[in-house]
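According to the numbering used here, the sequence shown holds residues 1070 to 1308 in order. Here a beta-carbon is modelled for each residue, glycine too, at the ideal position from N, C-alpha and C. Since this is a predicted model, take the numbers as computed values, not measurements. Report on one structure; see the data block that follows.
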Amino acid sequence: MFILRGRHFFISVEVSADPRLVISIVTLFLAGVKAISINDTFKGSDLVGQVFNPGPPSLTVASWMWTNSSGVTGVPPGSSSFRLTFHPASVFPLANISVAISTDNAYNLYLNGTLVGSALDWTAPNVWTILNVPPNGPWIFSILATNYADPVGLNPAGIIASFRASNDAQQAFYDWYTGQIAIPSVVWKANPAVPNNFASSTFDDSAWANAVIEAPFGGGPWGILPAPVPATLCNLKPF
């Protein structure tokens, strides 16, 4: 605790196990001053001093990805599967996970084999909030992505997603997102087919190739997407 001209404030620091992933600092001023949150990109938030609300993750830091079976455009219609086995960088008593996601054209999103949500319009990204996730992991995210035929266009296919794990009691959070190819712990696996039970937490994806990064947010044929729209909350405890 520090005292400055009669004001008390506290500083809590949450450091990722992988220093390249995220370092989050939350400063709480109890004398009515706005709290400040800084992540690895040093972007301030609008947290209010008495309420911890890190907000949703941002897609602007993420990149589009797909399988290695095709280029960005001219992708044949069909479904592909993607998996990420994520080991939490910081152990929370329980975690809330928010996922901002868009998929050209449609997706089913799973966590540890449980369906989180689905969407059909890549031009309208969603944010899914998953409550009370067991802290120890691994957290296995799976996506069934479907590309439709586009008779008049380039027929691209891609997924872009950003994730935020947070804990209200500790007032801490950390982020990860598609496109972090330099960090092995957040590299996605991809398959141009959809094997049976691919979303299961016990599925073996060791033979899958890594997903291919297509373009950063705002790039490629997709351009700038609108802010993700909150979707239905999911309470997945227990798995």
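Kindly give me the distance between the Cβ atoms of residue i and residue j, rounded to whole angstroms, as I take these residues to be in contact under 8 Å.
| i | j | result |
| --- | --- | --- |
| Ser1167 | Val1130 | Actually they do not touch by this definition, with Cβ atoms about 14 Å apart. |
| Leu1153 | Trp1257 | 5 Å |
| Arg1233 | Asp1219 | So it is not a contact: roughly 32 Å between Cβ atoms. |
| Trp1208 | Asn1181 | 7 Å |
| Trp1277 | Ala1251 | The Cβ separation is near 19 Å, so there is no contact. |
| Pro1297 | Pro1125 | 6 Å |
| Thr1136 | Pro1261 | 5 Å |
| Pro1194 | Ser1171 | 4 Å |
| Ser1132 | Thr1247 | 6 Å |
| Ala1169 | Ser1231 | 5 Å |
| Gly1227 | Trp1291 | 7 Å |
| Phe1161 | Asn1236 | 4 Å |
DSSP has residue i in a bridge; who is on the other side?
| i | result |
| --- | --- |
| Pro1299 | Val1196 |
| Trp1135 | Val1281 |
| Thr1183 | Leu1180 |
| Phe1232 | Val1168 and Trp1245 |
| Ala1188 | Tyr1176 |
| Val1202 | Ala1164 |
| Gly1227 | Asp1173 |
Starting from residue i and walking both ways along the beta strand (DSSP E), at which residues does that stretch end?
| i | result |
| --- | --- |
| Leu1180 | Ala1175 to Leu1180 |
| Phe1210 | Trp1208 to Asn1216 |
| Asp1244 | Ala1241 to Tyr1246 |
| Thr1154 | Gly1147 to Phe1155 |
| Phe1267 | Looking at the DSSP string, Phe1267 is not in any beta strand (DSSP E), and its letter there is neither H nor E. |
| Asn1260 | Lys1258 to Asn1260 |
Apply the 10 Å Cβ neighbour rule to residue i and answer buried if 16 or more other Cβ atoms are within range, or exposed otherwise.
| i | result |
| --- | --- |
| Thr1192 | exposed |
| Val1144 | buried |
| Ile1229 | buried |
| Leu1311 | Here the chain comprises residues numbered 1070 to 1308, so residue 1311 is not present and cannot be evaluated. |
| Asn1216 | buried |
| Arg1174 | As written in the sequence, residue 1174 is Asn, which differs from the Arg given in the question. Asn1174 comes out buried. |
| Asp1274 | buried |
| Gln1119 | Its pLDDT being 39, under 50, Gln1119 is placed unreliably in this model, and the coordinates cannot settle the point. |
| Ala1241 | buried |
| Gly1186 | buried |
| Ile1293 | exposed |
| Asn1205 | exposed |
| Pro1123 | buried |
| Pro1157 | buried |
| Leu1178 | buried |
| Val1253 | The sequence as given places Pro at residue 1253; Val does not occur at that position. Pro1253 comes out exposed. |
| Val1255 | buried |
| Thr1198 | buried |
| Val1117 | Summary for Val1117: the model assigns pLDDT 30, below 50, so the residue's position carries little reliability; its value from the coordinates is reported in the next sentence. Exposed, since its Cβ has fewer than 16 Cβ neighbours within 10 Å. |
| Pro1264 | exposed |
| Ala1214 | buried |
Taking 8 Å as the cut-off, is the beta-carbon of residue i closer than that to any non-hydrogen atom of the ligand GTP?
| i | result |
| --- | --- |
| Ile1250 | Absence of the ligand GTP from the depicted structure is noted, as is the absence of any ligand whatsoever, leaving it without description. |
Are any of the Cβ atoms in chain C nearer than 9 Å to that of residue i?
| i | result |
| --- | --- |
| Ile1166 | In the structure shown, chain C does not exist; there is a single protein chain. |
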